[in-house]
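Undergrad:
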Amino acid sequence: MVNRHRFTFLAAGVFLLALIGGPAVYAQCGPMDVVFVIDNTGSMTDVIGEVQNQVNVIADSVTQSSNGDYQFGLVTAPRNDVVVLLDLAKTNRDAFGAAVAKMTTDSSCGEPAAWDDGIDTVLHGLAAGRKTGGGNGVQVGTFTTSALRPGATKIIIVISDARPNHTVGCDFTPGTDDQFVLSLASEAASNDIRLATVFVPTPSAQDFGFIPTIQGLMQGMADGSGGIFLQTQPDASDLATVIEDIIVNCGAAGGLVVNPTNVQLGNRESGTVTVTNYRPGRNPSALVYSADGLPADSTVTFTPVNPPDVAGTDQQTMKISIGPDTMAGSYILNVHATNPANGRVQSNYVFVGVDCRPPMILSAPGNQPASTTADSNGKASLKVVPFGSADFKYQWYQGPSGSTYFPIAGATSPTVTTPAVTVPTDFWVRVTNACGSIDSATATVSPK
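Heads up: the sequence shown begins at 18 in my numbering, then just goes up one per residue.
1) I'd like the list of long-range same chain contacts for Ala118, defined as Cβ closer than 7 angstroms, with 5 residues on each side in sequence excluded.
2) For the alpha helix (DSSP H) containing Pro357, name the first residue and the last one.
3) Give a yes or no on whether the C-beta atoms belonging to Val52 and Thr219 are separated by under 9 angstroms.
4) Could you check if Ser315 is buried or exposed, using at least 16 other CB atoms within 10 Å of its CB as the buried criterion?
5) Report the three-state DSSP secondary structure of Thr80 (helix, strand or coil).
6) Does DSSP put Asn276 in a helix, a strand or coil?
7) Run the CB neighbour count on Lys171, radius 10 Å, all protein chains shown included, and call it buried at 16 or more, exposed below.
8) Quick one: is Val74 buried, meaning 16 or more other Cβ sit within 10 Å of its Cβ, or exposed?
9) Whole-angstrom Cβ separation of Val292 and Val352, contact assumed at under 8 angstroms?
10) From Lys465, Trp413 and Asp188, pick the residue whose C-alpha is nearest to that of Phe444; which is it?
11) Provide the residue(s) that pair with Asp50 in DSSP beta bridges, ordered along the chain.
12) At 4 residues or longer, what runs of the alpha helix (DSSP H) sit wholly inside the region 306 to 340?
13) Taking the alpha-carbon positions, what's the Ile173 to Ala76 distance?
14) With 9 angstroms set as the bound, which would you pick, yes or no: does the beta-carbon of Phe368 sit closer than that to a beta-carbon of chain D?
15) Assuming Gln69 is part of the alpha helix (DSSP H), what are its boundary residues?
16) Could you have a look at Met344 and say whether DSSP puts it in helix, strand or coil?
17) Rounded to a whole number of angstroms, what is the C-alpha to C-alpha distance between Ile37 and Leu140?
18) In three-state DSSP terms, what is Met120?
19) Verify whether the separation of the beta carbon atoms of Tyr348 and Thr278 is less than 9 angstroms.
20) Name, in chain order, the residues that DSSP records as bridge partners for Asp443.
21) Kindly give me the distance between the Cβ atoms of Thr435 and Ala397, rounded to whole angstroms, as I take these residues to be in contact under 8 angstroms.
22) Any idea which residues DSSP pairs Asn294 with across the strands?
23) Based on DSSP bridge pairs, tell me the residues matched to Gln415.
24) On the premise that Gly186 lies in contact with Thr122, defined as a C-beta separation below 8 angstroms, what is that separation, rounded to the nearest angstrom?
25) Buried or exposed: which applies to Met7, given that a residue is buried once 16 or more other Cβ atoms fall within 10 Å of its Cβ?
26) Less than 9 angstroms between the C-beta atoms of Ala308 and Met335, yes or no?
27) Helix or strand or just coil, what does DSSP make of Leu140?
28) Can you have a look at Pro297 and say buried or exposed, based on whether 16 or more other CB atoms are within 10 angstroms of its CB?
29) Take Pro357 and list the residues in its own chain whose beta-carbon comes closer than 7 angstroms to its own, dropping the five residues that flank it on each side.
30) With Phe246 as the anchor, note down where its beta strand (DSSP E) starts and where it stops.
31) Taking its Cβ as the centre, do 16 or more other Cβ atoms sit within 10 Å of Gly346, making it buried, or is it exposed?
32) Below 8 angstroms on the Cβ atoms is my contact criterion, and I expect Ser420 with Lys465 to pass it. Report the Cβ-Cβ distance as a whole number of Å.
33) Going straight from the alpha carbon of Leu199 to that of Ala115, what length do you get?
34) Runs of 4 residues minimum, wholly inside the region 192 to 255: which ones carry the alpha helix (DSSP H) assignment?
35) With a CB to CB cut of under 6 angstroms and the five nearest residues on each side skipped, what residues in its chain are close to Ala144?
36) Would Asn97 and Gly151 be called neighbours here (beta carbons separated by less than 9 angstroms)?
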């Protein structure tokens, strides 16, 4: 049985299976096992043409993301059949190109297509001769699921413009066929396989009027496996770009990557996080970056990185500055990249730990205010040396420690010159930071 994680459906049925594992960056996905399952019924002519025209672009993206360690597979769904055009094999790029060149569109049995049976074939290594498409089709060729490599990045990319028809030939059965594909997504996820689903809104799909159903089903499959759901133009002219989008993200849903994902800072400290957008669109300079989740006195700023570390991405340095009054604790800093042109928002998050230690005053000499004798003017200088997280605030008082009835005006620093005394008088200071406060011991100032 194959690992599961994410399914991607593309209109009229292209399935791409790629073993998933690493972060979404070129040459960092690790070894990749990539299987395309393509619905090649009659309405998918433009899709098949785009795959054939752009096969080198598609193969290049996998080669780069896997650092040259990949396997391709190709499964098609003509009529209600399932055809294994290419089984998995190490670095089989040439064989993949040859298999893609053999693809043609074929007739269908009604509007639904057996792309769900194609996923089933890849997940379970099913053999030639089995019945597909609700019993109206047959599988040609055997897929070797055991060739999927442990630890590789596994992705199935599904491309279709139709609903599935696993249980009833030539038709889609609500509550049955939809639940079957969602169960496949769950099974894929449990085996670390991501399903990337791609919907192509062909004229045929528009005529049949099932677009919301197909979109919802493909989105659910992608979500259920941790994969990506994307939609192409009606003529699939952007299909290669869509597939690149899937591969550059290692089949995972997020295109906005943060590194590191966890930072630890103190009050008045700053740290930086690299934000890389692997799906910046055609005009990265128009993107608006923002962040939320920290108290108001803490700030976040973004600075573009030119050139970015990975070509074709949009990279920002995010500076996190913790304010003086931010309380100790763990915060989720939400990071957003907004495209004002279409309102699309990409998001990710960083855990920010604020290590705020409340003030303390050691009893060792020199730390607590010390009793002393006033000078000839009846005044004395007192000081306190606190420890803990900056930023300290001070308020000196006259009277016994803890009594706040007589604050000394303007006495807000670690040292104080007391008012003139004519009798022994007590003074103390309260030291505060974002995490708490502490009262010093009482110091007695005696007149000469």
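All residues carry an ideal CB built from backbone N, CA and C; glycine is no exception.
TA: A quick look at the data gives this:
1) Gln69
2) Taken as a continuous stretch (DSSP letters only), Pro357 belongs to no alpha helix (DSSP H), as it is neither H nor E.
3) no
4) buried
5) helix
6) strand
7) buried
8) exposed
9) 6 angstroms
10) Trp413
11) Lys171
12) none
13) 15 angstroms
14) You won't find chain D in this structure, because it holds only one protein chain.
15) Thr62 to Asn70
16) coil
17) Bear in mind that a pLDDT of 30 at Ile37, under 50, signals an unreliable position, so the number given afterwards is only what the model happens to contain. The straight-line gap from Cα to Cα measures roughly 14 angstroms.
18) coil
19) no
20) Thr461
21) 5 angstroms
22) Leu273 and Asp331
23) Phe444
24) That belief does not hold up - the Cβ atoms of Thr122 and Gly186 are roughly 20 angstroms apart, past 8 angstroms.
25) The shown model of the chain, from 18 to 465, leaves out residue 7, and the question about it has no answer.
26) yes
27) helix
28) buried
29) Ala303 and Val305
30) Phe246 to Gln248
31) exposed
32) Their Cβ separation, rounded to whole angstroms, is 26 angstroms, which puts Ser420 and Lys465 out of contact at 8 angstroms.
33) 32 angstroms
34) 194 to 207, 220 to 225 and 228 to 242
35) Thr159
36) yes
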